[in-house]
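To start, the structure under review is shown below, and the notes come after it.
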Amino acid sequence: MTATPDLGTPRFASPDLLRSAFRRHAAGVAVITARGALGPVGFTATSLTSVSAEPPLLSFGIGTGASSWPAIAETGHVGVHILGEHQHELAATFARSGADRFGPPTAWRVGPQGVPLLGGVLAWLVCRVVGRVPAGDHRIVLAEVELGDADGAGRPLLYHQGGFNALRD
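Each residue of the sequence shown is one higher than the last, beginning at 31 in our numbering.
This is how it looks when you write it as structure tokens:
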């Protein structure tokens, strides 16, 4: 006879249940950047997903209440940056509301299509926005990769249990 697994006590769907479940899901950390009307904007994202290899498409989510949303809603291009385990502070800066995200010590430059590009990352991509799909209080942004560099050295930064972590062997 097979033992019945303990499934815990089920709860009805709620924002808290979703947040609690996804705290247990480790995710890679990226920073999304764009050129805004008043200067560069950016935010930390753990929702980055590869969608298609041909054509090369990716997606990420952004809340419509986020300070970066107005620029992302209007821009034609975004920068996508895969962070390394050495970039805890950069991830925290771009996640913090009201932070001067592009001030010192953030190393960045204006790249192709006017997209802000961050230094020291594991990989960066410049992508053309091809869609913005409504999804509750968020939008799922679909973007086609136009160019980039994936030759950065190091190991990925992960987000798990509400904090930034390094990958362990």
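We treat Cβ as the ideally placed atom computed from N, Cα and C, and that holds for glycine.
The beta strand (DSSP E) enclosing residue i, as first and last residue numbers
i       : result
Ala-75  : 69 to 75
Leu-152 : Looking at the DSSP string, Leu-152 is not in any beta strand (DSSP E), and its letter there is neither H nor E.
Arg-53  : Segment 45 to 53 is the alpha helix (DSSP H) holding Arg-53; no beta strand (DSSP E) there.
Leu-187 : 187 to 190
Residue(s) in a DSSP beta bridge with residue i
i       : result
Ile-62  : Phe-73, Val-110
Val-163 : Ile-170
Ser-89  : Thr-79, Leu-172
Leu-197 : Partner(s): none; Leu-197 has no beta bridge.
Gly-178 : Leu-155
Asn-57  : Note on identity: in this sequence residue 57 is Ala, with Asn being the wrong assignment. Ala-57 pairs with Tyr-189.
Arg-139 : Leu-147
Alpha helix (DSSP H) segment containing residue i, residue limits
i       : result
Thr-123 : 118 to 125
Reduced DSSP category for residue i - H, G, I as helix; E, B as strand; rest coil
i       : result
Pro-134 : coil
Gly-128 : coil
Ala-103 : helix
Using 8 Å as the cut-off, can you tell me whether the segment 52 to 70 makes contact with the segment 139 to 146, which would need three or more C-beta pairs spanning the two stretches below that distance?
Flag = yes, the segment 52 to 70 and the segment 139 to 146 touch.
Would you be able to state if there are at least three C-beta pairs under 8 Å between the segment 180 to 199 and the segment 111 to 125?
They touch, by the three-pair rule.
Taking 8 Å as the threshold, find out whether the segment 97 to 111 comes into contact with the segment 171 to 184 through three or more Cβ pairs.
Contact check between the segment 97 to 111 and the segment 171 to 184: three or more CB pairs, one atom from each, fall below 8 Å, which counts as touching.
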